[in-house]
Amino acid sequence: MNYATDVNEKASAGNACFRHKAFSPILCLILSLLFFSVSPSVFADRISYDAEKLKVLVEGTDDPDIVTITEVAIDQLRVSISTSGQVESQLFNIADVTVIVVGGKGGDDEILNSTGVSMTADGHAGNDKLSGGRGDDFLVGGTGDDQLLGNDGNDFLSGGEGKDIIIGGAGNDGLYGGLDNDSMEGGAGDDLLNGDDGDDIMSGSDGLDKMFGGAGADYIKGGGGKDTVDGGAGDDVIEGGDDGDILIGGLGDDTISGDVGDDVMEGGDGRDSMNGGLGNDVLAGGPGNDILAGLDGSDHLSGNDGNDGLDGGFGNDQLFGGAGDDNLVGGGGNDLLRGGSGADFLFGGGGGDSLYGEADNDRLDGDIIDPVLDGGEGENEITTDHSPVRFGIVANPANDPFSSDEDIFRAFEKAKTIANQVSLFFSFRAQDRMPDLLDAMDVVAQLGMSTIIQVGVQFLGQPNPPTDIPATFADETTRALYLDNVRSLAEKFPKTMVLSPEVNFMYWINRQEFELFATLYQEAYALVKEVSPQTDVGISFHYTLFRGCEQFAMLDALGPRDFLGITTYPIWLIDKGIIGSIEEYPPEWWSWLRWAYPNEKIIITEMGFPNSRNSTQEAQAAFVRRLPELMSGLKPESVNWTLLSNVTFYDPAALSQETLNFLLDVGVNPDILMGRLNNMGMHSHSGTPKLSWFEALKIKYDWEDVPVGPPGPLGVLTTNPADLPPICSQFDVSE
599 MNYATDVNEK ASAGNACFRH KAFSPILCLI LSLLFFSVSP SVFADRISYD AEKLKVLVEG
659 TDDPDIVTIT EVAIDQLRVS ISTSGQVESQ LFNIADVTVI VVGGKGGDDE ILNSTGVSMT
719 ADGHAGNDKL SGGRGDDFLV GGTGDDQLLG NDGNDFLSGG EGKDIIIGGA GNDGLYGGLD
779 NDSMEGGAGD DLLNGDDGDD IMSGSDGLDK MFGGAGADYI KGGGGKDTVD GGAGDDVIEG
839 GDDGDILIGG LGDDTISGDV GDDVMEGGDG RDSMNGGLGN DVLAGGPGND ILAGLDGSDH
899 LSGNDGNDGL DGGFGNDQLF GGAGDDNLVG GGGNDLLRGG SGADFLFGGG GGDSLYGEAD
959 NDRLDGDIID PVLDGGEGEN EITTDHSPVR FGIVANPAND PFSSDEDIFR AFEKAKTIAN
1019 QVSLFFSFRA QDRMPDLLDA MDVVAQLGMS TIIQVGVQFL GQPNPPTDIP ATFADETTRA
1079 LYLDNVRSLA EKFPKTMVLS PEVNFMYWIN RQEFELFATL YQEAYALVKE VSPQTDVGIS
1139 FHYTLFRGCE QFAMLDALGP RDFLGITTYP IWLIDKGIIG SIEEYPPEWW SWLRWAYPNE
1199 KIIITEMGFP NSRNSTQEAQ AAFVRRLPEL MSGLKPESVN WTLLSNVTFY DPAALSQETL
1259 NFLLDVGVNP DILMGRLNNM GMHSHSGTPK LSWFEALKIK YDWEDVPVGP PGPLGVLTTN
1319 PADLPPICSQ FDVSE
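Counting in this note's numbering, the sequence shown tops out at residue 1333, every number present.
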């Protein structure tokens, strides 16, 4: 089949160009005329010349072809085609050539133009590599997984079918992904990118770019310049970049981040999550149940329809809930909050805020410095005098590990919105982190919050010291370093010190080290009381193991304590099929400990619930909503949530073989464990609040109002061996 006839029979990129709003009709017309003006007779030779139209015509074969176009002198260029070792080459005067047309047909072709003459090329079938030159090139990949590079000039690049890589380079380029999952980068210049079908990755780089994701779950990043992005259909992830951008989610549940600059963002249909980032941003939610976060700057947030969550962040923000039952949080700064229609929850946060509930039955939670609290119509609840808070949180910053000192400080400020204490962790192995930790304790105190500090001295069954320190509590160097760490931390006068988290792992796995640590703990307890008498000192235990394996003897072996501390991650009950949903969680699961120790001060040193794996954002929020009820029988001194924001550093690949073996022995999947730990935050990794954040605000002052539930020994785990945690069967629990 003649190449030109073959091209005319296909609905190729020229026709596709007209169908998509990313490209202007004039551009499409010029490119189509340029490309399809080949007559059926021109390919009698593999390289030929059309003197009337000043075109060089190159016809490939069904085999892999290599076509190169190079300048050999200041006024001449060479066109070469190589197929199966057979090379044909011709010289042309540059002044006599306006365009070079190349057809690859079949095979994995390479078509490379390094001149300033424009090239029109179609790779056709096969996995092709097409590279334009300094002119305005028109490159079509065809079927197959192709690589297209425009280089300089105002180029049009179309991937066609297949998983294509398309890079515009310098100039104002038009990029069209076509079918399948493509990777596209505009490069320098004001570019137009259209992903079309498939889950595409798109980047505008520099310039004033316009990008359209099309169908599929796309990732689109604007880069430098004022960009316009429309995700189209599908659940898209959109990032604006370094300037003031217009970002539209379109259909689907989209995640949109403004980054730097004054951005305008619209979620469109679906359940969207948006954060403005830096700058003074405008965010509009659309008809779904959306989450909008202004973060830095003085932002304007509008939820529109749906049950939305709006968090202004830092700055003087304006929040409008619109229709639906909305949650509005002003954050730092002097904010204006209007609930709109629906039963809304308005929380002012820090600063002098104005709260207007407007229609329906609203709840307004302000502060004595808030000048305006107006419920509007309906039966409203207005609160300015608060009950004691018994809630703490691991206030890790967003974007960890790339967060700055300012990010850390703001994380502590954010934590103060829902908590009166911050939970910090010191690893015995990471001695170089001690100065940073002491500084963090100072910041927490400056913000008027207390500190609960956990000293991670052991890992599973043995000490976890620096590499140059013996890993045994029998060694005096190890003991002295531990006591020195404890003294340094106690000198900051924390409210609570946990001298070894989840010590019951060591109790069962390495009883000898546990007994050595027990004497060290007693020395440390006395040391803290000498330095900071008001600090509560104790140990924490993994609650599922403590209860299920009946580890009572451990407490007697340790000696004095001011509290019983437990870590509890109750997703385990759903994993094991013991309960089926959040609604089935029994309060007596925790009140058992109050029954066993009626006069003890009890602290939940770690509690978390993920929104991944067997869980969702809604499930995490529902669990937080039930916390006061679930804790009613236990009545803990405080509950400390893990974490403020999602993390990315829990990586199964980083675990030692010893740790992997242990987890597998006790029936724990490392991938599932790490995936959950990474997703226990009340905010995403970028700082956008989750549904659980708004629920935590709602229950902030509800702890004292919940009636005490019935304590007792009965509950989910009793004496049935089949219900015990897997680890219990690994050890002799009869001792």
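The beta-carbon is built from N, C-alpha and C at its ideal position, and this holds for glycine as well.
Taking each of I1176, A1013, F1026 in turn and checking the Cα distance to V1041, the smallest one comes out for A1013. Beta-bridge annotation (DSSP): I1172 is not paired with any residue.
Fewer than three pairs of CB atoms, one per stretch, sit closer than 8 Å, so the stretch 730-740 makes no contact with the stretch 676-691. Relative to the Cα of F912, the nearest Cα in the group G904, G928, N711, N1259 belongs to G928. Looking only at L790, P1068, V1126, A921, the smallest Cα-Cα distance to S756 is reached by L790. Residue pairing by DSSP places W1239 opposite I991, M1205 in a beta bridge. V1084 carries a helical assignment under DSSP once its states are collapsed to helix, strand and coil.
Take the alpha-carbon of R1031 and the one of D1037: they are about 10 Å apart.
Residue burial is scored here from C-beta neighbours: G1175 has fewer than 16 other C-beta atoms within 10 angstroms and is therefore classed as exposed. Counting only the Cα atoms, D951 lies some 40 Å from P1131. Per DSSP, the beta bridge partners of H1140 are T1165.
Contact between A1219 and E1293 is confirmed by a C-beta separation of about 5 Å, below the 8 Å threshold.
Scanning the stretch 1065-1122 from its first residue to its last, the whole beta strand (DSSP E) runs of 3-plus residues come out as 1094-1096. Shown here for R1223: same chain residues with a beta carbon closer than 8 Å to its own, the five before and five after excluded, namely E1293, K1296, I1297 in chain order. The Cβ atoms of S1189 and N873 lie no closer than 8 Å to each other. Between L1171 and I1180, the CB-CB gap reaches or exceeds 8 Å. Scanning the stretch 737-812 from its first residue to its last, the whole beta strand (DSSP E) runs of 3-plus residues come out as 745-747, 754-756, 763-765, 772-774, 781-783, 790-792, 799-801, 808-810. For A941, no alpha helix (DSSP H) run applies, since DSSP gives it neither H nor E. A check of alpha carbon separations from G796 across F1024, Q1060, D762, G820 identifies D762 as the nearest. For F1024, the enclosing beta strand (DSSP E) begins and ends at 1019-1025. In this chain, L876 is not harboured by any beta strand (DSSP E), its DSSP state being neither H nor E. When only Cα atoms are considered, K727 and D706 end up about 8 Å apart.
Under the DSSP assignment, Q1132 falls outside any beta strand (DSSP E); it carries neither an H nor an E label. Per DSSP, reduced to three states, the secondary structure at V858 is coil, with no helix or strand assignment. DSSP places S1284 in the coil class of the three-state scheme, outside both helix and strand. The C-alpha of Q684 is placed about 20 Å away from the C-alpha of N711. In the DSSP assignment, S1189 falls outside any beta strand (DSSP E) and within the unbroken alpha helix (DSSP H) covering 1186-1194. DSSP, read as helix, strand or coil, puts F1221 in helix. DSSP places K1296 in the helix class (H, G or I) of the three-state scheme.
The alpha-carbon separation between L1125 and L1087 amounts to approximately 11 Å.
In the DSSP annotation of this structure, the continuous segment of the alpha helix (DSSP H) that includes I1006 starts and ends at 1003-1016.
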